[in-house]
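K.L.:
Number of protein chains: 2
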Amino acid sequence: MQSANDPFAPIARQRLSDQVYDRLRGMIVSGQLGPGDTVPSERVLMERFGVGRPAVREAMQALANKGLITISQGERSRVNAPTADIAIGQVDEIAKMLLSSEPANLGHLKQLRKILETGTVALAARHCGEGDAQALRDLVEVQRAAVGDPEGFVAADIAFHVAIAGLTGNPLLQTVTGAMLTWLRDYYAPLLRWSGREATTLVEHARLVDHLAAGNAEAAVAMMTAHLDRSDPLYTAEARS
Amino acid sequence: MQSANDPFAPIARQRLSDQVYDRLRGMIVSGQLGPGDTVPSERVLMERFGVGRPAVREAMQALANKGLITISQGERSRVNAPTADIAIGQVDEIAKMLLSSEPANLGHLKQLRKILETGTVALAARHCGEGDAQALRDLVEVQRAAVGDPEGFVAADIAFHVAIAGLTGNPLLQTVTGAMLTWLRDYYAPLLRWSGREATTLVEHARLVDHLAAGNAEAAVAMMTAHLDRSDPLYTAEARS
DNA sequence: CTTATCAACTTGTCATACCAGTTGGCCGCG
DNA sequence: CGCGGCCAACTGGTATGACAAGTTGATAAG
Numbered sequence: 009m010q011s012a013n014d015p016f017a018p019i020a021r022q023r024l025s026d027q028v029y030d031r032l033r034g035m036i037v038s039g040q041l042g043p044g045d046t047v048p049s050e051r052v053l054m055e056r057f058g059v060g061r062p063a064v065r066e067a068m069q070a071l072a073n074k075g076l077i078t079i080s081q082g083e084r085s086r087v088n089a090p091t092a093d094i095a096i097g098q099v100d101e102i103a104k105m106l107l108s109s110e111p112a113n114l115g116h117l118k119q120l121r122k123i124l125e126t127g128t129v130a131l132a133a134r135h136c137g138e139g140d141a142q143a144l145r146d147l148v149e150v151q152r153a154a155v156g157d158p159e160g161f162v163a164a165d166i167a168f169h170v171a172i173a174g175l176t177g178n179p180l181l182q183t184v185t186g187a188m189l190t191w192l193r194d195y196y197a198p199l200l201r202w203s204g205r206e207a208t209t210l211v212e213h214a215r216l217v218d219h220l221a222a223g224n225a226e227a228a229v230a231m232m233t234a235h236l237d238r239s240d241p242l243y244t245a246e247a248r249s
Numbered sequence: 009m010q011s012a013n014d015p016f017a018p019i020a021r022q023r024l025s026d027q028v029y030d031r032l033r034g035m036i037v038s039g040q041l042g043p044g045d046t047v048p049s050e051r052v053l054m055e056r057f058g059v060g061r062p063a064v065r066e067a068m069q070a071l072a073n074k075g076l077i078t079i080s081q082g083e084r085s086r087v088n089a090p091t092a093d094i095a096i097g098q099v100d101e102i103a104k105m106l107l108s109s110e111p112a113n114l115g116h117l118k119q120l121r122k123i124l125e126t127g128t129v130a131l132a133a134r135h136c137g138e139g140d141a142q143a144l145r146d147l148v149e150v151q152r153a154a155v156g157d158p159e160g161f162v163a164a165d166i167a168f169h170v171a172i173a174g175l176t177g178n179p180l181l182q183t184v185t186g187a188m189l190t191w192l193r194d195y196y197a198p199l200l201r202w203s204g205r206e207a208t209t210l211v212e213h214a215r216l217v218d219h220l221a222a223g224n225a226e227a228a229v230a231m232m233t234a235h236l237d238r239s240d241p242l243y244t245a246e247a248r249s
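Residue numbers (the numbering used here), protein chains in the order written: chain A, 9 to 249; chain B, 9 to 249.
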């Protein structure tokens, strides 16, 4: 940003397409263009902003890349309802690159995951109703049925952890939990070779549900901590091929 | 993704620019194009991939939007070193939109913040050296000096919390903490009207440093919890104008 | 009433042209 | 010999016109 104090600061030119992008994003943020609304066509925007078609197209594509609109050939583009899923989706690719580019990043993400899930489970324990506990037990059974199917087993594991986050009533916790576990999935060694520890996972999950059902936050946190500490070494860079 | 099981599933056409994007991203992910390397020019990529210039430009801009490369007029584009800052930067705009579009999202983010910072401070307590504690005390003094300057005060507050995350040795915790506090900054009511509670903040920060210096994780967590609970109502949608 | 066709809208892709920024090499001058 | 200016060749930025391809709504025919 150009400094208001320094009249000799270098002039920062802004590309035409960036200016169009700012205008359109402003219309979305202000509510002038709301979720589900169609965006004016390329030709209309060319006239409205007095620029060529490349500038409009590049701005529209930038909005689509940010998840703000959806472009479909032959139809007018539409404004998306912003969600945490869309927000986190922006990070998917580079998060995966970070994990594969430097082994230390895997440790960092595992640490963040542990902080998030132990904090989440404490909150979930205070919100867990009878129906919630039953739903979690059902998910444990789904995971038990997936023994022998490594990918199914891991998918059920993720669903279980995301469901715990769902007990908090905070969709952001759900979204972030799911995203992190999805990123970590590629580093889960037992996807390549069965570890034999699946039974332990199921026992720990069942115990965790018992603590949640009892509303025992302290025990739930201790169980989740032990669970994550035990499975931590199973997430390893060597699992990536 | 097209289902391998259903031969009658609709055919998902992919845009040329998306295919170019996939190719280039593959070269970056594989290391064939590493951080600092120049990307072949638009004209070379047109020939290499046998497509028109718009397809190449759109792919390059998508890469730049993801933070993977930097484009500069008159020079060849360069591959960026992927960092957590770049990753989190992808989310800035839509995170702010989410906060302004629905009041409940503010509560969700505050809750996520509390989980993250209480977990982080427990970890930081186990890593806090004498020099670390002194650096934190210095930051408290910087914040004390900013009393009367609301924006400087909040900036110092963020620096303090980010520094605590820094004690963990996990840059991801630092990056995420800083990003969340930056998003929340717009909702901090005392930026508009001085709350009179700044002295309380400084006392709590000083106490927190004492606990960190003593390596007392339990007391640090309790202090951070109390600190965040007390300041929670200060982050309100009404602060946004 | 249903189906098929067509026109008018939309976005996707391309080629060509020119503008504007950067860099390196070369030449002239002191 | 060193320095400064100029120019060419590279780079990306922007525009226009053309045509391809997808969608939708209206109309006509059976």
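C-beta atoms are modelled at their ideal positions from N, C-alpha and C, and glycine is treated no differently.
1. Any beta carbon of chain B sitting closer than 8 angstroms to that of leucine 220 of chain A?
2. Counting contacts by CB-CB distance shorter than 8 angstroms, is asparagine 224 of chain A in contact with chain B?
3. Please determine if the stretch 118 to 133 of chain B and the stretch 112 to 131 of chain A are in contact, where contact requires at least 3 C-beta pairs separated by less than 8 angstroms.
4. Closer than 9 angstroms between beta carbons: that is the criterion. Which residues of the stretch 36 to 63 of chain A meet it against chain B?
5. Closer than 8 angstroms, CB to CB, is glutamate 66 of chain B near chain A or not?
6. Run through chain B and tell me which residues come within less than 8 angstroms of threonine 209 of chain A, C-beta to C-beta.
7. Below 8 angstroms on C-beta distance, what does isoleucine 172 of chain B contact in chain A?
8. Which same chain residues, not among the five before or five after aspartate 240 of chain B, have their C-beta less than 8 angstroms away from its C-beta?
9. Quick check on tyrosine 195 of chain A: does DSSP put it in helix, strand or coil?
10. Would a C-beta distance cut-off of 8 angstroms place asparagine 73 of chain B and alanine 133 of chain B closer than the cut-off?
11. Run through DSSP, which three-state label would threonine 233 of chain A get?
12. Contact between the stretch 141 to 149 of chain A and the stretch 130 to 149 of chain B: three or more CB pairs below 8 angstroms?
13. Counting C-beta neighbours from all protein chains within 10 Å, is the total for glutamine 4 of chain A 16 or more, i.e. buried, or is it exposed?
14. Arginine 51 of chain B lies in the alpha helix (DSSP H); which residues open and close that run?
15. Report the rounded CA-to-CA distance for alanine 228 of chain B versus valine 162 of chain B, giving the unit in angstroms.
16. So, does the stretch 58 to 69 of chain B touch the stretch 47 to 56 of chain A, judging by three or more C-beta pairs under 8 angstroms?
17. In angstroms, rounded to a whole number, what distance separates the CA positions of histidine 235 of chain A and leucine 147 of chain A?
18. Rounded to the nearest angstrom, how far is the Cβ of leucine 32 of chain A from that of valine 59 of chain A, given a contact under 8 angstroms?
19. If we define contact as Cβ-Cβ less than 8 angstroms, is glycine 127 of chain A a contact residue for chain B?
20. Between the stretch 81 to 101 of chain A and the stretch 83 to 91 of chain B, do three or more beta carbon pairs fall short of 8 angstroms?
21. Indicate the three-state DSSP secondary structure (helix, strand or coil) for alanine 12 of chain B in the structure shown.
22. For alanine 210 of chain A, which residues from the same chain have a beta carbon less than 7 angstroms from its beta carbon, with the 5 sequence-adjacent residues on both sides left out?
23. For leucine 255 of chain B, return the contacting residues in chain A, with the cut-off set at a CB-CB distance below 9 angstroms.
24. In whole angstroms, what separates the C-alpha of alanine 12 of chain B from that of alanine 164 of chain A?
25. Check the Cβ-Cβ distances between glutamate 101 of chain A and every residue of chain B, and say whether any is below 8 angstroms.
26. Do leucine 189 of chain A and histidine 213 of chain A have their C-beta atoms within less than 8 angstroms of each other?
27. Mind pulling the chain B residues with CB within less than 9 angstroms of serine 108 of chain A?
28. From this set, B:Leu242, B:Gly174, B:Tyr29, B:Leu192, which residue's C-alpha is nearest glycine 204 of chain B's C-alpha?
29. Extract the residue ranges of the alpha helix (DSSP H) inside the stretch 99 to 158 of chain B, only unbroken runs of 4 or more that lie entirely within it.
30. Using a 10 Å radius around the Cβ and a threshold of 16 neighbouring Cβ atoms, would you call serine 85 of chain A buried or exposed?
31. For glutamine 182 of chain A versus glutamine 98 of chain B, is the C-beta distance shorter than 8 angstroms?
32. Can you give me the Cβ contacts of histidine 219 of chain A inside the same chain, cut-off strictly under 6 angstroms, excluding the 5 residues immediately before and after it?
33. Assuming the contact rule is C-beta atoms closer than 8 angstroms, histidine 116 of chain A and proline 179 of chain B should be a hit. Round their C-beta distance to whole Å, please.
34. Pull up the CB-CB distance for glycine 160 of chain B and alanine 167 of chain B, whole angstroms please, since I reckon it's below 8 angstroms.
35. Using a Cβ-Cβ cut-off of less than 8 angstroms, give me the residues of the stretch 67 to 95 of chain B that come near chain A, in sequence order.
36. Can you tell which of A:Pro198, A:Leu175, A:Ala247 has its C-alpha closest to the C-alpha of histidine 135 of chain A?
P.N.:
Reading off the structure:
1. Leucine 220 of chain A does not count as touching chain B.
2. No, its Cβ sits nowhere closer than 8 angstroms to a Cβ of chain B.
3. Verdict: yes, contact present.
4. Within the stretch 36 to 63 of chain A, those residues whose Cβ lies closer than 9 angstroms to any Cβ of chain B are, in chain order, Ile36, Val37, Gly39, Pro43, Pro62.
5. It does; some Cβ of chain A falls within 8 angstroms.
6. The CB of threonine 209 of chain A never comes closer than 8 angstroms to any CB in chain B; the least such distance is about 22 angstroms.
7. The premise fails here: isoleucine 172 of chain B is roughly 13 angstroms from chain A at the closest Cβ pair, so nothing lies under 8 angstroms.
8. Close CB contacts of aspartate 240 of chain B within its chain, under the 8 angstroms cut and outside five residues either way in sequence, are with Lys118, Lys122 (chain order).
9. Three-state result, tyrosine 195 of chain A: coil.
10. No.
11. The DSSP-derived three-state label of threonine 233 of chain A is helix.
12. Per the Cβ contact rule, the stretch 141 to 149 of chain A is not in contact with the stretch 130 to 149 of chain B (fewer than 3 Cβ pairs under 8 angstroms).
13. This structure leaves residue 4 of chain A out entirely; chain A is present only between 9 and 249.
14. Under the DSSP assignment, arginine 51 of chain B falls in the alpha helix (DSSP H) whose first and last residues are 50 to 57.
15. If you take the alpha carbons of alanine 228 of chain B and valine 162 of chain B, they lie about 21 angstroms apart.
16. No, the stretch 58 to 69 of chain B is not in contact with the stretch 47 to 56 of chain A.
17. The straight-line gap from Cα to Cα measures roughly 17 angstroms.
18. The C-beta distance from leucine 32 of chain A to valine 59 of chain A rounds to 12 angstroms, too long to fall under 8 angstroms, and the pair is not in contact.
19. It does: the Cβ of glycine 127 of chain A has a partner Cβ on chain B nearer than 8 angstroms.
20. In short, these stretches do not touch, since the Cβ pair count stays below three.
21. Residue placement at alanine 12 of chain B is poorly supported in this model, since its pLDDT is 44, which falls under 50; the coordinates are not used for a value here.
22. According to the sequence shown, residue 210 of chain A is leucine rather than alanine. So the qualifying residues of the chain are Val148, Gln151, Arg152.
23. No answer is possible for residue 255 of chain B: it lies beyond the span of chain B, which begins at 9 and ends at 249.
24. Low per-residue confidence applies at alanine 12 of chain B: pLDDT is 44, beneath 50, and the placement is therefore not dependable, though the value from the model is reported in the following sentence. Taken atom to atom, the span from the alpha-carbon of alanine 12 of chain B to that of alanine 164 of chain A is near 21 angstroms.
25. Taking 8 angstroms as the threshold, the shortest C-beta distance from glutamate 101 of chain A to chain B falls below it.
26. No, Cβ-Cβ distance for leucine 189 of chain A and histidine 213 of chain A is not below 8 angstroms.
27. Those are Val37, listed as they occur along chain B.
28. Of B:Leu242, B:Gly174, B:Tyr29, B:Leu192, the residue nearest in Cα terms is B:Leu242.
29. Scanning the stretch 99 to 158 of chain B for uninterrupted alpha helix (DSSP H) segments of 4 residues or longer gives 100 to 109, 111 to 133, 138 to 153, listed from N- to C-terminal end.
30. By the Cβ-count criterion, serine 85 of chain A is buried, with 16 or more other Cβ atoms from all chains shown falling within 10 Å of its own Cβ.
31. Inclusion of glutamine 182 of chain A and glutamine 98 of chain B in the CB contact set at 8 angstroms is not warranted, their separation being larger than that value.
32. Spatial neighbours of histidine 219 of chain A in its own chain (CB-CB distance under 6 angstroms, excluding positions within 5 residues in sequence) are listed in chain order as Ala227, Ala228, Met231.
33. Confirmed, Cβ separation roughly 7 angstroms.
34. So it is not a contact: roughly 10 angstroms between Cβ atoms.
35. Of all residues in the stretch 67 to 95 of chain B, Gln69, Ala70, Asn73, Lys74, Gly75, Leu76, Pro90, Thr91, Ala92, Ile94, Ala95 have a Cβ within less than 8 angstroms of some Cβ in chain A.
36. A check of alpha carbon separations from histidine 135 of chain A across A:Pro198, A:Leu175, A:Ala247 identifies A:Leu175 as the nearest.
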